[in-house]
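Undergrad:
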Amino acid sequence: MSGLSLEQFLAPVVLSLQVSLLSGVFVFFAAAAVAKGMSRARFPGKTAVETLLLLPLVLPPTVVGFVLLLGLGRKSWLGRMAEWLFDQTIVFTWQAAVIAACVVAFPLVYQTMKTGFASVDPDLEDAARSMGGGEWQVFRYITLPLARRALVTAFVLGFARGLGEFGATLMIAGNIPGRTQTVPTAIYVAVESGNMTLALLWTGSIIVISYALLLFVSWKKDG
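Heads up: the sequence shown begins at 4 in our numbering, then just goes up one per residue.
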């Protein structure tokens, strides 16, 4: 691997998996809460709110990264607060990579979950309420089981989206080997330096992981 040790080769792969898993969990719960409320909500300006939620889906990742850089950088109040509390900046850390993955994955997860929640027959939920079930009981025993496939699909798609994130991650987390370098940024650097073999190996690793995720989604849909 052109003088690269196995540990150095695996570092971007492990970091990518960690970032994707953490962002996937965060986005799953955040999107579930928002999607459940928005699936049946009716209020003025709902279209504008949903458009804002879906905006990162159509914006170039570098634009998302630049906005995050402005909002979380050392000159922003959030950046200054984080530096005061934790004695370190947000940007150019692996936590920044998690934030970038969360932002770009949220619209995809939200839209998938919203579709799943909307597909649940409201008459079934109303029947459970009429029998004395509280909102949490209705959600736990009626809504969740009926929307389960959509929720599983949403999580896997969010995980996969975070795994492949490049532009926003590069803008806000950088490309520091062993600290913030993920597989997509590692591939970019390898190609730029002419190390096609290393780029091919990293590409193969992310293809295998992505294929396994999509296979799992297909299996859950058919199951």
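No residue lacks a Cβ here, since even glycine has one placed at the ideal position from N, Cα and C.
From this set, V94, L127 and F169, which residue's C-alpha is nearest P187's C-alpha?
TA: Nearest C-alpha to P187: F169.
Undergrad: Since A171 and P64 should fall inside the 8 Å C-beta cutoff, what is the C-beta to C-beta distance between them, to a whole number of angstroms?
TA: About 5 Å separates the two Cβ atoms, so the contact holds.
Undergrad: Over the uninterrupted alpha helix (DSSP H) stretch that includes Q114, give me the two end residues.
TA: Run containing Q114: W97 to A121, per the alpha helix (DSSP H) assignment.
Undergrad: Considering only residues of the same chain and omitting the five flanking positions on each side of A1, which have a CB-CB separation below 8 Å?
TA: With the chain represented from 4 up to 226, any question about residue 1 goes unanswered, as that position is not in the structure.
Undergrad: Return the residue from the list L24, K39, L18 and L13 that minimises the CA-CA distance to E128.
TA: Measuring from the Cα of E128, the nearest candidate turns out to be K39.
Undergrad: From the DSSP output, in three-state form, read off P187 for me.
TA: Helix, per DSSP.
Undergrad: Can you tell me which of the three DSSP states D126 falls into?
TA: Reduced to three states, the DSSP call for D126 is helix.
Undergrad: Got a sec, what are the start and stop residues for the alpha helix (DSSP H) I175 sits in?
TA: Run containing I175: G170 to I175, per the alpha helix (DSSP H) assignment.
Undergrad: Starting from T54, trace the alpha helix (DSSP H) in both directions and tell me its first and last residue.
TA: Start and end: K49 to V61.
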